[in-house]
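These notes are about the structure you will find just below.
Protein chains: 2
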Amino acid sequence: MSRLVMKFGGTSVATVERIRNVARHVKREVDAGHEVAVVVSAMAGKTNELVGWCREAAPLYDQREYDAVVASGEQVTAGLLAIALQEAGVPARSWLGWQTPIATDATHGSARIISIDGSGVVAGFGRGEVAVVAGFQGVHQESGRITTLGRGGSDTSAVALAAAIKADRCDIYTDVDGVYTTDPRVVPKARRMERVAFEEMLEMASLGAKVLQVRSVEVAMVHGVRTYVRSSFDDPDRPGEGTLICNEEDIVEDQVVTGIAFSRDEAQITLRHVADKPGVAAAVFMPLADAGINVDMIVQAVSEEGMTDMTFTVGTADYERAYAIIENSREAIGFSSIGGEKEVAKISAIGIGMRSHAGVAARAFRALSEKGVNIRAITTSEIKFSVLIDEAYTELAVRTLHSLYGLDAA
Amino acid sequence: MSRLVMKFGGTSVATVERIRNVARHVKREVDAGHEVAVVVSAMAGKTNELVGWCREAAPLYDQREYDAVVASGEQVTAGLLAIALQEAGVPARSWLGWQTPIATDATHGSARIISIDGSGVVAGFGRGEVAVVAGFQGVHQESGRITTLGRGGSDTSAVALAAAIKADRCDIYTDVDGVYTTDPRVVPKARRMERVAFEEMLEMASLGAKVLQVRSVEVAMVHGVRTYVRSSFDDPDRPGEGTLICNEEDIVEDQVVTGIAFSRDEAQITLRHVADKPGVAAAVFMPLADAGINVDMIVQAVSEEGMTDMTFTVGTADYERAYAIIENSREAIGFSSIGGEKEVAKISAIGIGMRSHAGVAARAFRALSEKGVNIRAITTSEIKFSVLIDEAYTELAVRTLHSLYGLDAA
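Protein chains in written order, with the UniProt record's numbering: chain A, 1 to 410; chain B, 1 to 410.
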C-alpha cells in the first residue's frame, strides 16, 4: 500500500459528469489499495466568473475579500467530488483550507503555504476515507481569514500536501498526457518525456511551458515529491502513461538537451550610448524594480570609448510602462536614444546534461544562423540557454533546435 | 447612535449592480451614525444551481457535503458586498459562519443556531467597520464542519445575530415593502400593516404568508428582536415605510383580526366508518409519523353507533404516500372506505384580538356559507382559526374574510 495525492484541474471538473469521471479515477487507486488525498480546482470558468464579479464591485478590490469570494470555487468542487465518491461507494470527505488547515502567510491573492497539518487527512485514511482537499486556498491563522495561492495554485496545494503527508507520489491530472520536449502544436514531432528532472522542469515552467505552475515545481524539488503529470481524459479503467518529475539520479536516459521552451511574451528595450560607469545599471533598473516590473534578459555590449549599448527584456504587458519610466529617467541615466521592439520571442533549450557538455549553445547559434535567424540577445545558466529572436521566426527556431538536439520522435 | 442588523435576500443581491445598490442602503444607515451588521443571502438562483449539482452528483447526497457546497453562495455575496461597501467609502469586512462563529447543532441541511459569538463583529464596530455576515450558514464546532440552516435561513441568521449583538432593530429587506393583511395579488385592497405582533406573524408565516421564515419569527419573539420588514427596491436615499414586528404592547391599533393567510398546499384524506374506540387514532397517525409525514388538520365526526368518520390533511407533496400508507393499514385501523381530495385550500384568519372577542370564527362561517363556500374542516387556536375549503373558492373566501373583518383599504 502506498499513499497518493491526485490533483485535478478545472477542465477535469468542469461539470458534474466530469466530476463523476474523476471519482472513477480515484476509485481505481483506492481499489488498488492506496491511501488517497485528492486536490481539486474550481470548475472551469468559475474562477473567472468570481474574479469578474470582484472587479465589477470595485476595480481596486480588497484582496482579503477577493480571497473569500474566489476560494468558494474550490469549496464547491471539493464537496461535489466527495458526494460523487460516496455515490461510487468510496468513503470520502471534503477539507477546506481552514479546516485542514493549510496555513499560509498573509499575502492575500498570492499567499505562500507555511505549513500543512495533515493529521486530520491521515486520520481519515485510518477510517478508509478519501480526503478531498480544496486546492488554491489556505488560511492565515493569525487573522483567521481565507487566503488564495494565486492562479494555478492548486498544483502547489497538491505538491505541498504530498510533502506534508509524506505521499509516495503526487499525480497531477491535466488536459495533456505529460510534459513534452516542446509544444506539440509547434513541433508535431515533439515527444512526451518519460522522466524529467526537477531542475529541468523548473526551467521549463519558468521559460514558458504551461503544464505546471513554477511554484509547485519548486516545492516538489525542495521536498523531493515525485510528481507525475498525466491525462484526466484517459479511460479511468485503463489509464495511459505520463511524465514523472523526479530526482536527476532517477533518470536513466542521458540526453544533453531534454526540452525546448519558448515564450512570445517578451519585449525588448535598447538604450544607445550609455556611459559605461558604476551606478548606471542601478539608474536603469531601480526605477523598474520600484514599479514592480520584472526584467528578464540583460545584455550589455562591449564598451567603446567609455560608452556602451544596453539591451534588456520585460514582459509584453509591462512594455509601455517600462518604456515610459526609462524615458522619464533619461537625465539620470544618460543615453543618446531609446529603441524598443515588442515582436520578439525567447527560445530556450534546457538540459541537465549541459553541465557536463561544452559547446551546446554554440551549436544552436550556428544552426539558427544557417536558417537566417538573427539573435538579438543571449543568456545562459548552468542547465539552459535562451536566445531572443524576432517573433516571426519562433516556430522555425523551435523546430531547428528540437531537431538539432535529437529530440524529434522517430 | 443605535445598533442595526440589515438583511438582504437573494433578489436584492442578484447581480453586482444590485449589490452596489445594497451598499447604498447600508451607507445611509452608517452615515446616520448607526453601527451596522449586514446579513446576506446567495445571489438569486445560485443556491438552486448548487443544490442541482449536489443532486446530479448523487440523488441521496451527504448532507455535510451539501452544506459545504451550498454555503459557498452566501460566502460569495458577503465578500462582494464588503468590496462594494469599501468602494463606497464604508469600511467593511466579511464574516463567514465559521469565522464569527455562528455555532449550530449537527443537523446538516437544517441546523439550529446554538449560539453566536458577536465579539468580533462588535470589535469591528469599534473600528468603524460594517460587518457583512454570510447568512444561512454556521459551523458545528465539535466537527468543525459547515452547516446550513435550511431554505430561507438567512432571515433566522439576521434575527439571531441581532439578538446576539443586542441590536436595536433587525431590518429585513425583501422584494415587498412589508407584511400585508393578505396576499395583494389575491386581494387588491390588501393593506400593508404598520405593526404586527410576534405571535400573529408567527401564525401568518406558519399558515402560508411567505414574507419571513417561521423559525426567524420564533427567534425574534423569544428574544424580543424588533424586526422591520421593508423593501430593498426603495430608493436608498429615500426609503419608504415597512412593517414592524414587535411586542403586542407596542401595538396601538386594536383590530380583532389582523390578517388572512391561505395555503393551496393541502390535501384531504377521509376515512368512513372508523370504530370510535381508544387506539384508533394511533393506528391512523403513527404510520404517517413514522414516514415523516406531517398531519395538519384533524376532524372527527360525532360518533354514531360506535362508528365515526375521520378527516385529516397532509401537504400536497405527501398526499399519494399518505394515501398508500393508510390503505395498507386498512386491517389495523378498520374502516369501510377511504376518500381523498387534493384540490383543497386552507384559509386562516389571525389576530391577537380573538383572545378577548367571542364569535369571531362564527361570523366567518356564516359569511362563507352565504357565498356558497362549503367548509370541509375547521381548526381553531387561541389567536387564529382555519377552514378547509374547495380550492376553486380560495380567492372568493380570502376576499370575503378580508372584507368581513374590516381589513380592506379605504
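Note that beta-carbon positions come from the ideal geometry of N, C-alpha and C, so glycine has one too.
Nearest candidate by alpha-carbon position, reference residue i, set the options
i	options	result
Ala283 (chain A)	A:Ile333, A:Ser263, A:Val274 and A:Ser303	A:Ile333
Phe8 (chain A)	A:Glu65, A:His140, A:Thr156 and A:Gly259	A:Thr156
Arg127 (chain B)	B:Thr100, B:Gly135 and B:Val90	B:Val90
Ile114 (chain B)	B:Ala82, B:Ala92, B:Thr147 and B:Leu85	B:Thr147
Val40 (chain A)	A:Ala123, A:Ser232, A:Val299 and A:Thr107	A:Ser232
Ala82 (chain A)	A:Gly138, A:Ser337 and A:Ala37	A:Ala37
Phe136 (chain A)	A:Thr11, A:Ala160 and A:Asp390	A:Ala160
Thr364 (chain A)	A:Arg376, A:Val387 and A:Ala345	Reading off the sequence, residue 364 (chain A) comes out as Ala, not Thr. The candidate whose alpha carbon is nearest that of Ala364 (chain A) is A:Val387.
Thr29 (chain A)	A:Gly10, A:Ile298, A:Arg238 and A:Thr379	The sequence given here places Glu at residue 29 (chain A); Thr does not occur at that position. The option with the nearest alpha carbon to Glu29 (chain A) is A:Arg238.
Lys304 (chain A)	A:Ile293, A:Val274, A:Ile326 and A:Glu331	Here the sequence assigns Glu to residue 304 (chain A), which means Lys is not the residue at that position. Ranking A:Ile293, A:Val274, A:Ile326 and A:Glu331 by Cα distance to Glu304 (chain A) puts A:Val274 first.
Ala163 (chain B)	B:Arg226, B:Val130 and B:Glu129	B:Arg226
Val133 (chain B)	B:Val186, B:Met6 and B:Ile251	B:Met6
Arg230 (chain A)	A:Val186, A:Asp175 and A:Ala205	A:Asp175
Phe177 (chain B)	B:Glu200, B:Pro188 and B:Glu241	The sequence shown places Asp at residue 177 (chain B), rather than the Phe named in the question. Of the listed residues, the one whose Cα sits closest to Asp177 (chain B) is B:Glu241.
Ile102 (chain B)	B:Ala88, B:Val121, B:Arg151 and B:Gly45	B:Val121
Ala261 (chain A)	A:Arg330, A:Arg151, A:Val186 and A:Glu327	A:Val186
Cβ of residue i within 8 Å of any chain B Cβ
i	result
Ile19 (chain A)	yes
Asp296 (chain A)	no
Ala44 (chain A)	no
Val69 (chain A)	yes
Identity of the residues DSSP links to residue i by a beta bridge
i	result
Ile389 (chain B)	B:Ala345 and B:Ile375
Ile260 (chain A)	A:Ala349
Ser115 (chain A)	A:Ala103
Asp171 (chain A)	A:Met6 and A:Tyr228
Ala197 (chain A)	A:Cys246
Glu304 (chain A)	A:Met307
Arg192 (chain A)	A:Tyr180
Ser381 (chain B)	B:Lys384
Leu85 (chain A)	BP columns for Leu85 (chain A) are empty, so no partner.
Gly315 (chain B)	B:Glu266
Ala275 (chain B)	B:Met307
Val295 (chain B)	B:Val314
Test: residue i CB closer than 8 Å to a CB of chain A
i	result
Ile102 (chain B)	no
Ala131 (chain B)	no
Val122 (chain B)	no
Ile116 (chain B)	no
Ala160 (chain B)	no
Val16 (chain B)	yes
Ala283 (chain B)	no
Cross-chain neighbours of residue i in chain B, by beta carbon under 8 Å
i	result
Ala377 (chain A)	Simply none; closest approach about 42 Å.
Leu50 (chain A)	Val76
Interface partners of residue i on chain A, CB under 8 Å
i	result
Cys54 (chain B)	Gly79, Leu80 and Ile83
Gln99 (chain B)	Gly144 and Arg145
Contacts of residue i in chain B (Cβ-Cβ under 7 Å)
i	result
Gln86 (chain A)	Ala58 and Asp62
Ser72 (chain A)	Ser72, Gln75 and Val76
Partners in chain A for residue i, counting only beta-carbon separations shorter than 7 Å
i	result
Glu65 (chain B)	Gly79, Ala82, Ile83 and Ser94
Does the stretch 66-81 of chain A come into contact with the stretch 59-70 of chain B, if we say contact requires no fewer than three beta-carbon pairs (one atom in each stretch) closer than 8 Å? yes
For the structure I just gave you, are there three or more beta carbon pairs, one from the stretch 333-346 of chain A and one from the stretch 194-205 of chain A, closer than 8 Å? no
The stretch 296-316 of chain B touching the stretch 396-406 of chain B, judged by at least three CB pairs closer than 8 Å: no
Using 8 Å as the cut-off, can you tell me whether the stretch 372-386 of chain A makes contact with the stretch 8-19 of chain B, which would need three or more C-beta pairs spanning the two stretches below that distance? no
Is the number of C-beta pairs between the stretch 212-222 of chain A and the stretch 320-334 of chain A that are closer than 8 Å three or more? no
Inspect the CB distances between the stretch 350-365 of chain B and the stretch 256-265 of chain B and report whether three or more fall short of 8 Å. yes
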